[in-house]
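See structure below.
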Ligand code: ADP
Ligand code: MG
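Residue numbers (full-length UniProt numbering): 1 to 253.
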């Protein structure tokens, strides 16, 4: 087997003595699209926080591209190529689509959002490079023609595409998407699914959280099922759908 791009090994996290994530193991191969599903409160977003470094794990290890990352702060993990579209992420109001993406680029090329916000004007060359990357990212998600629009005026489906563009601006190798299809209409979901398929075809490794079993299993190579912080099943979409433990978790049985 090829070396996994991401290896999560025995990671746990509790809040107030209650486990949100418990002894989770997860290997994601380069180029793989991994689905993560589970009922509300299963620990899916907490797992992303542990991978991205927004949350500290007290046990286990996380290895990315052959390097231990579980003690690194979030911006270092971002610089190494891990990007996250957070659950329910909002676009920045009062900014254009292009500016929204450029803020994301500043965050990954410099000292994070705060640094980006407080920094004096950058060198022209650096600014130009960021603008170039932002336009490239917008082009990849099909928003090139919307760069000058107010971000908050976009329909929700395109706002999600904008979040993806912002994540792509740092040229990640691993993209984490937390319920990107939530609240979207059927046509918007289809457009998002197509975008994710294009990113996969371009070789990007992704982990995608979904609440909706049907949507995640449609795209994923493999699916990991969480319930009460534990992995209760992992396999191909067909294997996972047929697993009695998965059916029971979803029916509350
Ligand atoms: P999911 O994304 O699968 O819906 P979460 O990872 O958001 O689940 O939450 C898992 C569990 O951890 C839930 O019981 C939730 O209430 C709890 N939890 C998550 N984040 C926090 C936090 N910052 N403080 C306290 N409890 C939290
Ligand atoms: Mg969540």
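Where a beta carbon is used, it is the ideal one built from N, C-alpha and C, also for glycine.
Quick caveat: nothing in here was measured; it's all calculated off a predicted structure.
Nearest-angstrom Cα distance between residue 79 and residue 190? Along the chain shown, one-based indexing puts residue 79 at 79. Along the chain shown, one-based indexing puts residue 190 at 190. Distance between the alpha carbons of residue 79 and residue 190 is about 31 angstroms.
Close Cβ partners of residue 93 (< 6 angstroms) along its chain, the five nearest in sequence each way excluded: Taking the first residue of the chain shown as 1, we reach residue 93 at position 93. Here the set comprises 152.
Does the ligand GTP have a heavy atom nearer than 7 angstroms to the CB of residue 249? By its list of ligands, the structure shown excludes the ligand GTP, since it contains just the ligand ADP and the ligand MG.
Which whole runs of the alpha helix (DSSP H) in the segment 7 to 52 are 4 residues long or more, in chain order? Assignment of alpha helix (DSSP H) within the segment 7 to 52, counting only whole runs of 4 or more residues, yields 44 to 52 in chain order.
Starting from residue 139 and walking both ways along the beta strand (DSSP E), at which residues does that stretch end? In the chain shown, the residue the question calls residue 139 occupies position 139. Not the beta strand (DSSP E): residue 139 falls in the alpha helix (DSSP H), residues 124 to 140.
Should residue 67 be labelled buried (16 or more other beta-carbon atoms within 10 Å of its own) or exposed? Working through the chain shown from its first residue, we reach residue 67 at position 67. Counting the other CB atoms within 10 Å of its CB gives residue 67 a total below 16, which places it among the exposed residues.
Closest to residue 213 by C-alpha separation, out of 205, 197, 202, 239, would be which residue? Here residue 213 corresponds to residue number 213 of the chain shown, with the count starting at 1. Comparing Cα-Cα distances from residue 213 to each of 205, 197, 202, 239, the minimum goes to 239.
Check the C-beta distance from residue 5 over to residue 65 and give it rounded, since I have them as a contact under 8 angstroms. Position 5 of the chain shown, counted from the start, is the residue given in the question as residue 5. Position 65 of the chain shown, counted from the start, is the residue given in the question as residue 65. The Cβ separation is near 6 angstroms, so the contact holds.
For the candidate residues 246, 169, 206, whose alpha-carbon lies nearest to that of residue 98? Working through the chain shown from its first residue, we reach residue 98 at position 98. Nearest Cα to residue 98 within the set 246, 169, 206: 169.
Is it right to say residue 198 is buried, meaning 16 or more other beta carbons lie within 10 angstroms of its own, or is it exposed? Within the chain shown, numbered from 1, the residue matching residue 198 stands at position 198. The residue in question, residue 198, is exposed, as its Cβ has fewer than 16 Cβ neighbours within 10 Å.
Would you tell me roughly how many angstroms separate the C-alpha atoms of residue 236 and residue 52, rounded to the nearest one? If you number the chain shown from 1, residue 236 lands on position 236. If you number the chain shown from 1, residue 52 lands on position 52. Computed Cα separation, rounded: 25 angstroms.
Classify residue 47: buried if its beta carbon has 16 or more other beta carbons within 10 angstroms, exposed otherwise. For the purposes of this step, residue 47 is taken as the residue at position 47 of the chain shown. Residue 47 should be labelled buried.
Do residue 143 and residue 162 have their beta-carbon atoms positioned less than 8 angstroms apart in this structure? Position 162 of the chain shown, counted from the first residue, corresponds to residue 162. Position 143 of the chain shown, counted from the first residue, corresponds to residue 143. Yes, they are a contact pair.
Residue 227 Cβ short of 7 angstroms to the ligand MG heavy atom set: Mapped onto the chain shown, residue 227 falls at position 227. No - the ligand MG has no heavy atom lying nearer than 7 angstroms to the Cβ of residue 227.
Are residue 176 and residue 130 touching if we call contact CB-CB under 8 angstroms? Within the chain shown, the letter at position 176 stands for residue 176. Within the chain shown, the letter at position 130 stands for residue 130. Note that the C-beta distance between residue 176 and residue 130 is not below 8 angstroms.
Along the chain, where does the beta strand (DSSP E) that runs through residue 234 open and close? Translated into the one-based positions of the chain shown, residue 234 becomes position 234. According to the DSSP assignment, residue 234 belongs to the beta strand (DSSP E) that extends over 230 to 235.
Alpha-carbon to alpha-carbon, residue 22 and residue 37: If you number the chain shown from 1, residue 37 lands on position 37. If you number the chain shown from 1, residue 22 lands on position 22. One C-alpha to the other measures close to 15 angstroms.
Below 7 angstroms, is the gap between the Cβ of residue 14 and the nearest heavy atom of the ligand MG? If you number the chain shown from 1, residue 14 lands on position 14. No; taking the cut-off as 7 angstroms, the Cβ of residue 14 has no heavy atom of the ligand MG nearer than that.
Pull up the distance between the alpha-carbon of residue 77 and that of residue 166, whole angstroms please. As a first step, residue 77 must be located in the chain shown, where it is residue number 77. As a first step, residue 166 must be located in the chain shown, where it is residue number 166. Straight across, the Cα-Cα distance linking residue 77 with residue 166 is about 16 angstroms.
According to DSSP, simplified to helix, strand and coil, what is residue 104? For the purposes of this step, residue 104 is taken as the residue at position 104 of the chain shown. Looking at residue 104 - three-state DSSP - the assignment turns out to be helix.
Check whether the segment 221 to 229 touches the segment 177 to 189, counting contact only when three or more Cβ pairs, one atom from each stretch, lie closer than 8 angstroms. By the Cβ rule, the segment 221 to 229 does not count as touching the segment 177 to 189, because fewer than three pairs are nearer than 8 angstroms.
Mind listing which residues have their beta carbon within less than 7 angstroms of any non-hydrogen atom of the ligand MG? Chain order is fine. Result: 44, 45, 87, 178, 179, 209.
Taking residue 34 as the reference, give the member of 127, 200, 104 with the closest Cα. As a first step, residue 34 is located in the chain shown; it is residue number 34 there, counting from the start. Of the candidates 127, 200, 104, the one whose C-alpha sits nearest the C-alpha of residue 34 is 200.
Would DSSP call residue 69 helix, strand or coil? Within the chain shown, residue 69 is the residue found at index 69, counting from 1. Of the three classes helix, strand and coil, the one that applies to residue 69 here is coil, per DSSP.
For the ligand ADP, I want to know if residue 42 counts as a neighbour, meaning its beta carbon is within less than 7 angstroms of at least one of the ligand's heavy atoms. Your numbering for residue 42 matches position 42 in the chain shown. It does: the Cβ of residue 42 is within 7 angstroms (strictly closer) of some heavy atom of the ligand ADP.
Buried or exposed: which applies to residue 194, given that a residue is buried once 16 or more other Cβ atoms fall within 10 Å of its Cβ? Residue 194 sits at position 194 when you count from the first residue of the chain shown. Exposed: under 16 other Cβ atoms inside 10 Å.
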